[in-house]
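These protein sequence lines are chains A, B, C and D, in that order.
With the numbering used here applied, the first sequence corresponds to residues 1069 to 1406, in that order.
With the numbering used here applied, the second sequence corresponds to residues 1069 to 1406, in that order.
With the numbering used here applied, the third sequence corresponds to residues 12 to 311, in that order.
With the numbering used here applied, the fourth sequence corresponds to residues 12 to 311, in that order.
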Amino acid sequence: MFRPGTGTAWGCVEMTRVDVARLPRQATRDAYGEALVAAGRADARVVALDADLSGSTKSQKFGALFPERFFNVGIAEQNMIGMAAGLAAAGKIPFASSFAIFVTGRAFEQVRQSVAYPGLPVRLVGSHSGVTVGQDGSSHQAIEDIALMRVLPHMTVLVPADGPSTRALVNESLSIEGPVYLRLGRPAVPVLYGEGGFAAPPFKAGGSVTLLAGRDATIVACGVMVAEAVTAAYRAEAIGLSVGVIDAYSVKPLDRDAVLAAARATGALVTAEEHSVIGGLGGAVAETVAEEYPVPVIRVGLLDRFGESGAPDELLKLCRLMADDILAAVRRAVAVKR
Amino acid sequence: MFRPGTGTAWGCVEMTRVDVARLPRQATRDAYGEALVAAGRADARVVALDADLSGSTKSQKFGALFPERFFNVGIAEQNMIGMAAGLAAAGKIPFASSFAIFVTGRAFEQVRQSVAYPGLPVRLVGSHSGVTVGQDGSSHQAIEDIALMRVLPHMTVLVPADGPSTRALVNESLSIEGPVYLRLGRPAVPVLYGEGGFAAPPFKAGGSVTLLAGRDATIVACGVMVAEAVTAAYRAEAIGLSVGVIDAYSVKPLDRDAVLAAARATGALVTAEEHSVIGGLGGAVAETVAEEYPVPVIRVGLLDRFGESGAPDELLKLCRLMADDILAAVRRAVAVKR
Amino acid sequence: MTDQRTKAAPHNQPGTPEERHARLAEAARQLRVEILRMTAQAGSGHPGGSLSSAEIIACLYFDVLRLDPARPSWPERDRFVLSKGHAAPVLYAALALRGFFPRELLATLRKTGSCLQGHPHMRTTPGVEVSTGSLGQGLSMACGLAAAARIDGAGWRTWCLLGDGETQEGQVWEAAEAAAHFRLDNLVALVDNNGLQIDGPVSQVMAVDQVPRWQSFGWRVLEADGHSIPDLLAAMQAALAGSGRPAVIVCRTTKGKGVSFMEGQADWHGKAPTPEQLARALEELGCSGQGPALPGGVSR
Amino acid sequence: MTDQRTKAAPHNQPGTPEERHARLAEAARQLRVEILRMTAQAGSGHPGGSLSSAEIIACLYFDVLRLDPARPSWPERDRFVLSKGHAAPVLYAALALRGFFPRELLATLRKTGSCLQGHPHMRTTPGVEVSTGSLGQGLSMACGLAAAARIDGAGWRTWCLLGDGETQEGQVWEAAEAAAHFRLDNLVALVDNNGLQIDGPVSQVMAVDQVPRWQSFGWRVLEADGHSIPDLLAAMQAALAGSGRPAVIVCRTTKGKGVSFMEGQADWHGKAPTPEQLARALEELGCSGQGPALPGGVSR
Ligand SMILES: Cc1ncc(C[n+]2csc(CCOP(=O)(O)OP(=O)(O)O)c2C)c(N)n1
Ligand SMILES: Cc1ncc(C[n+]2csc(CCOP(=O)(O)OP(=O)(O)O)c2C)c(N)n1
Ligand SMILES: [Mg+2]
Ligand SMILES: [Mg+2]
């Protein structure tokens, strides 16, 4: 069943619930691998680079199909970004992938100086973001990549929640002029958009999707946390709270209008991201509303701590990134509002 | 004349104005050079590292006095941070200095993995922060270093406004357990604390100094912007606004109590930093108040743009980082409040 | 090692060279057994590059390094940095068998709340000197450790094990340059030159010719068969000669060494054996799948 | 360069080898004059490393590179990357004298709002191919450019000038490794081996032995006297031979070359001459302090 995806029909009652737990699952990195191949087919300017993780980031298939347009630079992320900048300066559209912490962190200053400053159309692709990386532990779990990329001028930061939106955003990125950071995850996550889920709107830089409308509070989420946010909103009904959900897949530019409209309509916001509560989506939302329409913003995310080893599900629990944690934040936001 | 430095005597009338323009001037990097030598004398565990910029960061004098405890690693910032981590793991207290963009950006992931994750007592010293670097232009002007360091767990972020507070914080840093980022500037700036200025309180991680009390709004500033904030507050009187000023030299941990008290007392905040408006001090303040006591927060800083070449003063004007820009933000904050 | 040094080593055992070699070969075998059990139990992890390092780690932890498991932070201890942090299983096995922590803890590898993180972390695991896992950072930390010993006039040494793929990271060469420039001859690097990285053979992904490379950075380069105990011990002894230059031992190894179906397979870089595969592997290593290999291991 | 290539170069002039050399020596002299005027006028900047590159840049911009100042983004142009971005003055001087922008603009160097930023920026300055200033990043971008030409089967070449101190950055060696691995023989690196960095002699701060270093990374290494036009031209021609390997020209140079009181002085890395110093320097360079050196320069 398809449902209305976007809209600001505040207070409207949902017809049928999306049963998140029963949706099919796909990892955003897998969707990326498919979309990259499609982009490579559609546009000869598309080239791809990887740093010895092409099997994990799923750029491998592109490499197999277009070997002359694929560069595996080995374990050398800084050079990967520099080469991507050079390729872009010569008219190519490079997708440079690695684990999120390495593409944004190990090569931060290369991204800044060689890519963001001149505004070159490099697409930085960070797979394995957040604690759902799991057993590898802290060194491989990016919890600060959104903050790192968001502070760079000219940068677009996209954090898709599922496969279909990942595919749409890869495609959309082809027409974005400057650099783009695309944040992906390791585990299979619910396919939120499409059959049985929400209707997929056009995904674009600066956009967002209002999945559920609410009266008492709105959850602004991105990535894997969107599904948790939907679950939290449904659970909120049981305690008499009407809670909206926005999929803020475009963390930068943030959909200011949607966020401010939610602040005005519900008076309380909760943000949810698989990222530090510092400087990421939560920071973006707090900064935005503080400027125009101050309302409580309770940030759900890693509470200024590193991740650790463990099963992804257990880590989400341990780090308080579950639907119930979001729900607790909603209650707190509503309490601060009063 | 010495003046009361700390205190929350909201609404009290100041006796005598501090004439910021007439204060003696000293660059915070110069004060750092002195303090580093003093620390080296006081504690044999202190070692220093630099990456071919020891003349500019002022670690050179330490190197001349304690050659066996000084390592100039050449133009290799990543290795500098790794070596500092190793030295710290062996019980030393390393001060690793370079320009702010290189120490926090070029070596971001080294800081993250080798220093912040294990919480080693490395002192990262970034001179040449912000646009007052001047003529060298964007590639040498860190406008995102606060955001980068703030998002890291275990990290203390200190941004002194003048020489005396720099010296005090270097000394204080010797007793901080984990890693510390100390942000310094290139140009000579007013000596705010001491003779003719404000009374110097003890400076410590998590602290702040309430320089002026106000009724209508409070400016929370750090670094070179503290002096501008004081000037703005004085100018505000002329248009009938009573504006407080907090020197938030400890950006992380932020002095939550002071910020929330100011939010409660004045209902409107302005932040001022020589840094992007994204993710830095402004982000920290917006995140903090949104959680407990939402009030308007107008952020003065670089408006999501890179710096450029020019005279430091002209760049401060161009980038809207002057007292009058802060004053405009105060008016806006007060307007949003109403 | 000079006599004095080896005498001070709490683990050192009297005996003929042959006995010494046999003892270390047995230690390597036990490390392999633990690596396989541990990763199978965890359901993930990196057996390939752990297995290729087994003899190197056995020689270091059961002979060369001066350590006292009862005092993990004994100031005079030698320092070891596992720069190729994904090989944590071999390090954890060595630390457990040497008695730094109970062997049973190995079963908690990579589990939520375990002191045995997926990559080595100095704050959770006794005997782990620095935190690694992001490749290319360990040699810099080793330089810092060696520099600290130099400042203090201390006699302890720093050892650092790198992967061959890892040496593609520029930071490794920043560190190599610095170690030579600062004449850190109390530092020894070892390269587990197993010829494979994640995406395939190093020669195909991004070739690195180790020997001339390190030479051009001013290091003293030694070579060894990384699975030959006598070869490794000789190289380690030679590396400590102290000539004003840091030394590197380029160890020819086989990724997945000791388990026929893992040897030379890039695929076994980062996945755990199934219970059946574990049983086959343990059989090849001369022990049944059940129970501890040898009660208490070779720990003394 | 083959005949065909040089013929296509819009700036190429007929004449004997001697005339060609004299023309380029004069161009280098004029670049020096502009570097000094520009930095003196700006009151800051980097004369030392700009002066040491004058002959290298003269040979490239006035002979070797295929460029068309009227069409700065002509797709078939050769690409030049100034990895040692602080030497922007010598690049800006060459671009101005070649007619990419009016020579008068040089007086705006480093001023607020100028198209001539303190370090090269591709978005503000016609003829600047990529943005540099943070050391160690240019060779990677040059690799990317060369890879793009390879994909397109295009004949243009990529040149990249590095500082010797700059080669301490690990990223340089990541790029060097990649260029050799990908067999980018349409790429030529040049090292301005002037022996000085900011904090002193490279040999003292952090020694780098250029020739064996590049050799160990699989590059074809050529050497040249970086102030001898014939030497440089011969090396540049040899570098383009195209053997399946990238080539590097290690250029022996003197920092501050051409101005007696600046030569070999680390101190002149990053400060501008005073008006008096400018006058002395210009006199040494055979021109008075007033007015343009030669109306219109050598630009054709
Ligand atoms: C900076 C960084 N980039 C990428 C990775 C992901 N990674 C883990 S192991 C590995 C391959 C290592 O190959 P090698 O160094 O040869 O190790 P070995 O063969 O000994 O296992 C990679 C790319 C990482 N851990 N760190
Ligand atoms: C990554 C980085 N670190 C530090 C600097 C500051 N810096 C500018 S020039 C320079 C010295 C360069 O020496 P070298 O490469 O030998 O240049 P040359 O002698 O040719 O001027 C340094 C350290 C920088 N620009 N980039
Ligand atoms: Mg290997
Ligand atoms: Mg030089």
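The C-beta atom is built at its ideal place from N, Cα and C for all residues, glycine as well.
All of these numbers come straight from a predicted model, not from anything done at the bench.
When DSSP builds the beta bridges, which residues end up paired with residue i?
i, result
"ARG114/C", "According to DSSP, which records beta bridges pairwise, ARG114/C is partnered with nothing at all."
"THR1234/B", "Per DSSP, none; premise fails for THR1234/B."
"ASN1140/B", "ASP1118/B"
"LEU172/C", "LEU93/C and LEU201/C"
"ASP1315/A", "VAL1277/A and ALA1289/A"
"GLN208/D", "GLY211/D"
"TYR1261/B", "PHE1266/B"
"ALA1256/A", "ALA1095/A"
So what does DSSP say about residue i, is it helix, strand or coil?
i, result
"VAL1179/B", "helix"
"LYS18/C", "Note that LYS18/C scores 37 on pLDDT, short of 50, meaning its location in the model is unreliable; the coordinates nonetheless yield the value given after this. The answer is helix: DSSP assigns LYS18/C an H, G or I state."
"PRO306/C", "The predicted position of PRO306/C is uncertain, since its pLDDT is 35 and thus under 50; no value can be drawn from it."
"PRO1162/A", "strand"
"PRO1072/A", "Residue confidence for PRO1072/A is low, a pLDDT of 39 falling below 50, so the modelled location carries little weight; the figure read from the coordinates is stated next. Note: PRO1072/A maps to coil in three-state DSSP."
"PRO83/C", "coil"
"GLU37/D", "helix"
"SER25/C", "Sequence check: residue 25/C is Pro here, not Ser. Of the three classes helix, strand and coil, the one that applies to PRO25/C here is coil, per DSSP."
"GLN1128/A", "helix"
"ALA51/D", "helix"
"LEU1250/A", "strand"
"LEU1226/B", "strand"
"CYS70/C", "helix"
"SER1241/B", "helix"
"ALA98/D", "helix"
"ILE1307/B", "coil"
"LEU289/D", "helix"
Please list the terminal residues of the continuous beta strand (DSSP E) segment that includes residue i.
i, result
"LYS1320/A", "1318-1320"
"GLU1342/B", "1337-1344"
"VAL1368/A", "1365-1370"
"ASP236/C", "231-236"
"GLN1094/A", "1093-1095"
Span of the alpha helix (DSSP H) holding residue i?
i, result
"THR123/C", "Careful: THR123/C lies outside any alpha helix (DSSP H) and carries neither H nor E."
"GLN156/D", "Here the sequence assigns Leu to residue 156/D, which means Gln is not the residue at that position. Taken as a continuous stretch (DSSP letters only), the alpha helix (DSSP H) holding LEU156/D covers 149-163."
"LEU1328/B", "1324-1334"
"VAL1171/A", "Premise fails: VAL1171/A is in no alpha helix (DSSP H) and is neither H nor E."
"ILE1065/A", "Nothing about residue 1065/A can be read from this structure; chain A reaches only from 1069 to 1406."
Less than 7 Å separating the beta-carbons of residue i and residue j?
i, j, result
"VAL1345/A", "ARG1367/A", "yes"
"SER227/D", "SER227/C", "yes"
"THR1200/A", "PRO1362/A", "no"
"GLY147/D", "CYS171/D", "no"
"GLY1314/A", "VAL1288/A", "For the sequence presented, residue 1314/A should be read as Ile rather than Gly. The answer is yes: Cβ separation under 7 Å."
"GLY1231/B", "ALA1099/B", "yes"
"ASP1118/A", "SER1165/A", "yes"
"ALA1330/A", "THR1299/A", "no"
Would the segment 91-103 of chain D and the segment 54-61 of chain D be scored as touching if the rule is three or more Cβ pairs under 8 Å? At 8 Å Cβ cutoff, the stretches touch.
Below 8 Å, can you find three or more Cβ-Cβ pairs linking the segment 1085-1101 of chain B to the segment 1334-1345 of chain A? Too few Cβ pairs lie closer than 8 Å, so no.
Residues near ligand 6, CB to any non-hydrogen atom under 7 Å, in chain order? Summarising the ligand content, the structure contains ligand 1, ligand 2, ligand 3 and ligand 4 and does not contain ligand 6.
Kindly confirm or deny that the segment 1204-1222 of chain A and the segment 160-178 of chain D touch, where touching means at least three C-beta pairs closer than 8 Å. As far as the Cβ criterion goes, the segment 1204-1222 of chain A does not touch the segment 160-178 of chain D, which means the pair count is below three.
The segment 76-96 of chain C contacting the segment 115-122 of chain C, beta-carbon criterion three pairs below 8 Å: The segment 76-96 of chain C, when compared against the segment 115-122 of chain C, does not touch it at the 8 Å Cβ threshold.
I want to know whether the segment 1094-1108 of chain A touches the segment 1268-1280 of chain A - three or more CB-CB distances under 8 Å. Not touching, per the Cβ criterion.
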